[in-house]
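Below: the structure, in structure tokens.
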Amino acid sequence: MGVIMLAASLAAAPAGFEEFAADANGWLLSGQGLPRDYRVTLMQMDSADRISAIAYLRRIGLLNDTPWTLDDLLRPAKEPAR
């Protein structure tokens, strides 16, 4: 039972920068844009990872619209909805 709970919590854990960057590369290479819920995903990340991810998205050309506020950049990670 404990192993199942651990696996479920890891599956619900927010992605870090490395995982998010790999996903972003996939979106870019397949010609997709950002998913509609990318802001929700980024808000679940630690603020340092969030800033890195935003900079990375801008650098690869996937993020060129709505700017992020300083409050959103520095806000603590949100818990994913269950």
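Position 43 of the sequence shown, counting from 1, maps to 42 under numbering that gives the first Met the number 0, and the rest follow consecutively. Yeah, the Cβ is synthetic: ideal placement off N, Cα and C, and Gly gets one too.
Three-state secondary structure (DSSP) at residue i?
i	result
I59	coil
M44	coil
A76	coil
A10	Only weak support exists for where A10 lies, its pLDDT of 47 falling under 50; the coordinates are left without a value.
R35	coil
Looking at the unbroken alpha helix (DSSP H) that takes in residue i, where does it start and where does it end?
i	result
D64	Counting along the chain, D64 falls outside any alpha helix (DSSP H), and DSSP gives it neither H nor E.
D22	F16 to L28
Under the assumption that residue i contacts residue j (Cβ atoms under 8 Å), give the Cβ distance between them as a whole number of angstroms.
i	j	result
S51	F16	5 Å
M42	A14	About 12 Å separates the two Cβ atoms, so there is no contact after all.
Is the stretch 13–25 touching the stretch 49–58 in the sense that three or more CB pairs, one from each, lie closer than 8 Å?
Taking one beta carbon from each stretch, the stretch 49–58 and the stretch 13–25 have 3 or more pairs nearer than 8 Å; the two touch.
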